[in-house]
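**Student:**
Protein chains in written order, with this note's numbering: chain A, 19 to 904; chain B, 19 to 904.
1. On a Cα-Cα basis, can you pick out the residue from 460(B), 435(B), 441(B) and 425(B) that is closest to residue 448(B)?
2. Pull up the distance between the alpha-carbon of residue 586(A) and that of residue 844(B), whole angstroms please.
3. How far does the beta strand (DSSP E) with residue 252(A) in it reach, from first residue to last?
4. Name, please, each residue of chain A whose Cβ falls closer than 9 angstroms to the Cβ of residue 838(B).
5. Quick check: is any heavy atom of the ligand GDP less than 8 angstroms from the C-beta of residue 604(B)?
6. Starting from residue 220(A) and walking both ways along the alpha helix (DSSP H), at which residues does that stretch end?
7. With DSSP as the reference, label residue 705(A) as helix, strand or coil.
8. Going by the DSSP bridge assignment, what does residue 103(A) pair with across the sheet?
9. Rank 234(A), 266(A), 133(A) and 781(A) by C-alpha distance to the C-alpha of residue 214(A) and give the top, closest one.
10. Which ranges does the alpha helix (DSSP H) cover as unbroken runs of at least 4 residues, wholly within the region 168–213 of chain B, from first to last along the chain?
11. Could you tell me whether the Cβ of residue 290(A) comes closer than 9 angstroms to any Cβ of chain B?
12. Report the CB separation of residue 124(B) from residue 152(B) in whole angstroms; it is logged as a contact under 8 angstroms.
13. Going along the chain, which residues of its own chain have a beta-carbon closer than 7 angstroms to the beta-carbon of residue 142(A), five neighbours each way excluded?
14. Would a C-beta distance cut-off of 9 angstroms place residue 796(A) and residue 896(A) closer than the cut-off?
15. Return the residues of the region 791–814 of chain B that lie within a Cβ-Cβ distance of less than 8 angstroms from chain A, sorted by chain order.
16. Along chain A, in chain order, which residues have C-beta atoms closer than 8 angstroms to that of residue 817(B)?
17. List the endpoints of the continuous alpha helix (DSSP H) containing residue 874(A).
18. Mind checking if residue 244(B) is an interface residue toward chain A, Cβ cutoff 9 angstroms exclusive?
19. Use the C-beta contact count for residue 55(A): other C-beta atoms within 10 angstroms, 16 or more gives buried, fewer gives exposed.
20. In chain order, what residues of the same chain lie with their CB nearer than 7 angstroms to the CB of residue 819(B), ignoring the 5 residues before and after it?
21. Skipping 5 residues on each side, what residues in its chain have a beta carbon closer than 6 angstroms to that of residue 698(A)?
22. Kindly indicate which residue of 381(B), 193(B) and 60(B) has the alpha-carbon position closest to the one of residue 33(B).
23. Kindly confirm or deny that the region 824–836 of chain A and the region 765–778 of chain A touch, where touching means at least three C-beta pairs closer than 8 angstroms.
24. How long is the line joining the alpha carbons of residue 852(A) and residue 491(A), rounded to whole angstroms?
25. Below 8 angstroms on the Cβ atoms is my contact criterion, and I expect residue 203(B) with residue 161(B) to pass it. Report the Cβ-Cβ distance as a whole number of Å.
26. Against chain B, which members of the region 679–693 of chain A pass a CB distance test of less than 9 angstroms?
27. When you compare the CB of residue 448(B) with every CB in chain A, is at least one pair closer than 9 angstroms?
28. Quick one: Cα of residue 732(A) to Cα of residue 703(A), how far?
29. Could you run through the region 246–275 of chain A and flag, in chain order, every residue whose CB is less than 9 angstroms away from some CB of chain B?
30. Looking at chain B, is there any beta carbon in it that lies within less than 9 angstroms of the beta carbon of residue 608(A)?
31. Considering only DSSP beta bridges, list what residue 346(A) is partnered with.
32. What does the alpha-carbon distance come out to for the pair residue 337(A) and residue 43(A)?
33. Under 6 angstroms Cβ to Cβ from residue 569(A), same chain only, skipping five residues before and after it: list those, please.
34. Can a CB atom of chain A be found closer than 9 angstroms to the CB of residue 492(B)?
35. Should residue 421(A) be labelled buried (16 or more other beta-carbon atoms within 10 Å of its own) or exposed?
36. Output yes if chain A places a C-beta closer than 9 angstroms to the C-beta of residue 827(B); else output no.
Okay, here's the thing in structure tokens:
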């Protein structure tokens, strides 16, 4: 028969699946002999059985009775005994901590009779009555589902009547009156009396914990965090101890190291004559652990000894909740503590030096996401700042600019060179232009899946959203902080996308120390030392190589400083912009082959110079150059804009011959769905001269580099191949060019030809394609677009918010690879490709190459390298190492 | 050791792989004891060895010598013997007949000496000299690669000099002069003398046949017809017999049945005193087989006996070439004869009745493509017509209209209700508008893979292309038939896309008898009887069911008459056009929920009426209704056009409030890639009211039909699902609606909910999706778009021509399913889907559902049904039957 209830002494910290996080750690501490108030845990299995059946499983009630009897015997009191009641807390505890679930009901066991007994036993009638008041309030709101405002308002009304704002100013009679008011409120709002039977109180609280697994908020949270739906929660029932029994009592929270800086040494807050909830609520000022030593040296010393024990035992920084009841220390909770990115790196490295863990374990304890946080510019920690409000940290970074309230103004001001922050109640697709030009985006509504948040993350723009304290008036061009300052259009503000903070004026921004270090600056910062130590350890363990996406020599050089082992994607289309746009226009509007050839000849030396510089910057390392990919009309003006301009010119009787010719070309090349049109290898087949010119430029650059004594390693990559025949057509032309260049230069040219795998068909026929390709590079952006059938440009704005909210995906598949759908194509292509050509070289150059979760996937399926933007290179190095020690 | 040469007596008709079609059939006839001039075949294997090595394989020459010796012994003459020469023909013969390859060189063995011997032996100096002249001409052009015009011009010049146009008017001296002229021409153009050595003549001819395997035209043809590159061709060397040795000689071609009408009874042409090439060239008028009886009763009777033998032996209609040399009948070739679609059906059924074959075999001998041909309207066979010229039959159908020469005029005239034929030298994407509105398209340049041909087939428009006899002058708006009539803009012309013929004036068009029969007309036509008999047999053998794509009750009713077993795709977006467009506009531009709800409420009764009618028309059969799929902006005006109109209005100072609001909506909904945007299930999730309204309309219609005593079988289909979660969100809402409607009507509603599989991700995660779908319908149009990453709208015009020419695919993947790429996703989805839900119902509703080749694939992978347009239903029934007897 299944056992649904375990005593704290009957479990350990590794049983989080069964006992939840809180329960497992209480069991661990109990077994370490630490002073934990006794109790027991109802398992997640019981919860699952309850949720499946719709009622408590058979046998649960009896098991609870048995464990309760043991607890009563241990404490020498009976639950709700009118003379000397045992009181218990009922707390939820899932495997993963989860907002939206019911958390705690304290003081279970009090009723109209036992409150008298508690008063007598404690010799403190006020304490007993206040405890009863707290039970009614918690039970009413969390178990019976009454709005907590109902109780808060009654409490506030009473304090107002007494002319005070302090809870402690209320006397016994006041509290007794409040108890009566609360009981009336419960009857009115829940349609039932507050249950006087202590066991019924407990059973209802347990059931409420079970039910809270399925609140909307909990479901949404699980969906977003990819926590399985079917885990269920455990429930912990524990004898109450009281930190609010006078000045020799109190409650505290402490950490075995500083969770903010990572500095060695304990860190904590203590509040005299208070329960845990009061510490968290911040009603009164807490004191430090050092001050506790002055107040209660014995408890202090015992606590520090316990902290040392726990850290040594857990081999990690611990977060601890404790209560002192009349000079007796009790441990209420511990867990591995949350920490800032800075602290994560420093603590991990300190613990290696202290011999607690090895470097592999240290690597497991930090993450690429944390490192990425450390690489954003941030507000100067030493600078003064005025916090206006705090919203949600929707997209990281530190942005400073003038507040503007509509996209038109944003564009206008940005065009004249001003930094702007776009402030809206919420954004819509109409705001897109403004979001593109703004340094940051600030909204007063919407969560992390709102339009603003999704789009900002997509474009890497700093964003704070859902700052509800702001009253935004876009018509008047201002926002007012609730009960505070008004900011007008043009006023400077600063927003921190990593913390959600909004500051008045311009807070100075400083570059990341980590970035400065990689850039070669001499930086003396313990965080930087910790980061570099772990990144270097990652380098020594990882199988996966890390390349970069870079289109220019300066980018390539920077990426090399960041540790890139070559270029995985050098896009050539950016080289066709700027001054050269005219040549590309000439190429496109050319009436005949001669005109086209002339334009190509003019582009050739420019491209050769581009490639020579890039090969030089990456000398000795592979450089994968993708031949031109986007549709040609991307180099021409927009059809609608040009049509409007020409129509207006017509009406006004102006003549614009060149523009007219341009409009003809734009109309001819216009496509309903350019993403699905004439681009990539298709261009290379329809206009062979384009690819041939680029191949020649690459190979002439290679020859020039060889002549200069370099070691160029060019890899020519053909985009958008769907069928091996396409690749063959281009490959043969490249071979012809190579023969010509080798003859002309007399230099033996070493180079590779390969292809992108970015269309589902390429993945599905990868065996054939591998016969003609020396390498594959997965273009996971396009592969995601085609596999899901949506284009990033179009859909992030229009429905990704809804999709994230509704749980279609927990994170945009453009941020983190969809391993189920897109990933299965990657697996297929790897398998077929390697079967056909065992030495096939495999990499990825989509943006997923810099995404931590995706990097682990790419390592697992056996790619040889990932490629990502220069700034992401250290992140990828770290994650590739973490994947290796997984 | 490999044997490269086989005597005719050493082979049979099933050895086409080794001996080629011609060689295998010559062997078969030889072994049947028919009078075949003796000879031998050099195998395809020899050709492959030659092509691989670049020279004749070892041993080939010796084998040829040995077989030649046998042949010489049998004939009692030696090759090129000056006194009494053996002459041979050298003919290519691949497994599949293939234009573009060298075909025949006759009279090998003649030279300056043996021509004298031949003259003496035949006692006919003119015959001998003419035979030598023919050898020089054929050898010069086909073996030595000299333009055939060189010889034709010399021949014509001589006849002109002699004041005649008849070959027979040239005397011996003239022919001797022509021999001298030809020899000079060979020296001049080929840079070598005509080889006098008979064996060298033969070896060069054999080599020329081998080499002709790789001419551009042959390669292109193979690519287009999907004939493997590596088959190679055989070469047949056969003793010459002469039909040109006086009036008791002659040559003929005959068929064992009429290949045009399929009528029983022999059919053929005979030409006295002529060689086979003269019959084909049509220089003089041939006579019928009946006339042959009068000319040479013995040969006639022998021929008829042989024809009967062959037909009985081959169990099919045979196409025969024969020669009579001085009263002796010789069989030169036979093969299963090509036939018109009409003949194919009639012959197959006749042979069943004659006990030659069974119905399964009859079914194998006809095709859906042939049936489709019979279902096009065609020109009244009895009507008079004036043929102007013949081009290529690029896209079938019969079209009549006024000739127009630019797309602007096409659009203008079509808008005022005129039928037009767009005539161009060749078309470009600019002509697209004109092609859309034209009844037919006619070009003077380009083949079946030209832009005009590809686009016309894609849109089902009649097209004749590459009519080289037309001199098209688009500027002047006219075309002139070479040496003939001039047609001006506005003149009526008729084009037959099935034959390539271009007629002057309006040829009356008649409906297909087959279509009229299915429509219920009383048609007395032997072709129709044959068709229905085979379609009915197909029905009795096929596993695959055939449904139709129909959006209206009349279409549904028609499809039912055509044999549809339900609706596989009822699109609902067409129901939102016309009068209802205004309501849809209201829905889209609605400022608030109330406005949206009002528009939906107005649409509900209209949709309900739509569905009631369709369910009634298909009563008792399943009706799959797809909820709205396209992006909303498809119901709004074009962004560019509207922008231009508004800009012009602005300049002119006009105010257009509603239009301005519309422009706002159009701009808001504008997408870069609408195909990859907010459509399908995404719309249903973002605007839930839309799908809910449609589901309610379907279920209310179902209830109404049940109340009326009907047996409705609605199936609700969700488009564009990529993830099971999307399907679940919509499915639960539909379930809610169903509960409501069931309660409101008191009727127990039976219906299914399923999804399209049209995105790669849906196919890849079909196992999960099947958990929530009762049926899958493969949307192979979209699946093709996403798998290849190109959209049909954009690419057929821009690069499909090039892709077909370059052999990236042999046929557009939108016409015939790409079984390798797209097909592998279909296989995966079928496997995963059926594993998860064994009773999952599977169908296809893309246009591939009506394509013969694709139907076989769908049968093979185990789909339950295909769905296609009403007119394609009989084709699909036939092909499904053919697949079953495969």
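Note that beta-carbon positions come from the ideal geometry of N, C-alpha and C, so glycine has one too.
**Tutor:** Straight from the coordinates:
1. 425(B)
2. 33 angstroms
3. 251–257
4. Taking a Cβ-Cβ cut-off of 9 angstroms, the neighbours of residue 838(B) in chain A comprise 741, 779, 782, 783 and 786, given in sequence order.
5. Ligands displayed in this structure: none; no statement on the ligand GDP is therefore possible.
6. 216–230
7. Judged by DSSP in its simplified three-state form, residue 705(A) adopts coil rather than helix or strand.
8. 96(A).
9. 133(A)
10. 190–208
11. no
12. 6 angstroms
13. Contacts found: 263.
14. no
15. 800, 803, 804, 805, 806, 807, 808, 809, 811, 812 and 813
16. 696, 700, 703 and 704
17. 870–879
18. no
19. buried
20. 467, 468, 469 and 472
21. 647, 737 and 738
22. 60(B)
23. no
24. 60 angstroms
25. Their Cβ separation, rounded to whole angstroms, is 14 angstroms, which puts residue 203(B) and residue 161(B) out of contact at 8 angstroms.
26. 682, 685, 686, 687, 688, 689, 690, 691, 692 and 693
27. yes
28. Within the model, the alpha-carbon separation for residue 732(A) versus residue 703(A) is close to 22 angstroms.
29. none
30. Answer no: the Cβ-Cβ gap between residue 608(A) and chain B never drops below 9 angstroms.
31. 343(A)
32. Approximately 11 angstroms, taken between the alpha carbons.
33. 588, 589 and 592
34. With its beta carbon at least 9 angstroms from every one in chain A, residue 492(B) lies outside the interface.
35. buried
36. yes
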